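Numbering (numbering that gives the first Met the number 0), first residue to last: 0 to 129. Quick reminder that beta carbons are idealized off the backbone N, C-alpha and C, glycines included. From a predicted model like this one, the values you see are computed outputs, not experimental measurements.
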Amino acid sequence: MLNFKMSELIYSETAIKNNINNMPDINSMDNMLNLIYYCLQPVRELLGAPMIITSGYRNPLVNRLVGGVNSSQHTKGQAVDFTVLGITPNQIISIIKTSKIEFDQLINEYDKWVHISYNKGKNRKRVLKY
């Protein structure tokens, strides 16, 4: 059973506030399905707690409005930012990086949330902190 819905990965307060259609194209949708299946669901099961998605897919305009970089994996449906109640970003990253879960990037962003991405066939297992 999967614990994620596509709607939570495309939800954007910025898109709603600015009346922007944030629906992904078919390639981004495919990437999001891979992200859920190979990355997010295994992380959810490993942590044993719900993940709160704070940012998922962003079309290029939404990405620009939130200050994202042009090359952001969010614009390709390959990344989400999330938190877990009661677990710090450092703890989350420590647990994931020692697991067998495939990921491209795992980033502690400002000690507030974790950015995780999945790039099918091209995962670098890169761990960063901002």
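Let's test the definition: count the other Cβ atoms within 10 Å of the Cβ of Pro144 and tell me whether it reaches 16, buried, or not, exposed. Nothing can be reported for residue 144: it is not among the residues displayed for the chain, which extend from 0 to 129.
Measure the alpha-carbon distance for Asn18 versus Ile9 and round it to whole angstroms. As a working mapping, residue 18 is identified with position 19 in the sequence shown. As a working mapping, residue 9 is identified with position 10 in the sequence shown. In this structure, the CA atom of Asn18 is about 14 Å from the CA atom of Ile9.
Using three-state DSSP, classify Val42 as helix, strand or coil. Working through the sequence shown from its first residue, we reach residue 42 at position 43. Val42 falls in the helix class under three-state DSSP.
So, is Lys75 buried or exposed, given that buried needs 16 or more other C-beta atoms within 10 angstroms? Residue 75 sits at position 76 when you count from the first residue of the sequence shown. Counting Cβ neighbours within 10 Å, Lys75 comes out buried, since at least 16 surround it.
CA nearest to the CA of Asp80, picked from Asp29, Ala14, Lys111, Asn26: Reading the sequence shown from its first residue, position 81 is the one you call residue 80. Among Asp29, Ala14, Lys111, Asn26, the Cα nearest to that of Asp80 belongs to Lys111.
Let me know the beta strand (DSSP E) ranges lying completely inside the region 75 to 123, each 3 residues or longer, listed in chain order. 78 to 82, 104 to 108, 112 to 116
Given this structure, state the Cα-to-Cα distance separating His30 from Pro88, to the nearest angstrom. For the purposes of this step, residue 30 is taken as residue 31 along the sequence shown, with counting starting at 1. For the purposes of this step, residue 88 is taken as residue 89 along the sequence shown, with counting starting at 1. Just to set this straight, residue 30 is Asn in the shown sequence, not His. As the crow flies, the alpha-carbon of Asn30 is around 24 Å from that of Pro88.
Using DSSP with H/G/I as helix, E/B as strand and the rest coil, what is Val68? For the purposes of this step, residue 68 is taken as residue 69 along the sequence shown, with counting starting at 1. The three-state secondary structure of Val68, taken from DSSP, is coil.
Could you work out which residue in Val126, Gly67, Lys96 is closest to Leu45 when comparing CA atoms only? Here residue 45 is taken as the residue at index 46 of the sequence shown, counted from 1. Ranked by Cα distance from Leu45, the first of Val126, Gly67, Lys96 is Lys96.
What's the gap between the Cα of Ser11 and the Cα of Arg57? Indexing the sequence shown from 1 puts residue 11 at position 12. Indexing the sequence shown from 1 puts residue 57 at position 58. Distance from the CA of Ser11 to the CA of Arg57, rounded to the nearest whole angstrom, comes to 8 Å.
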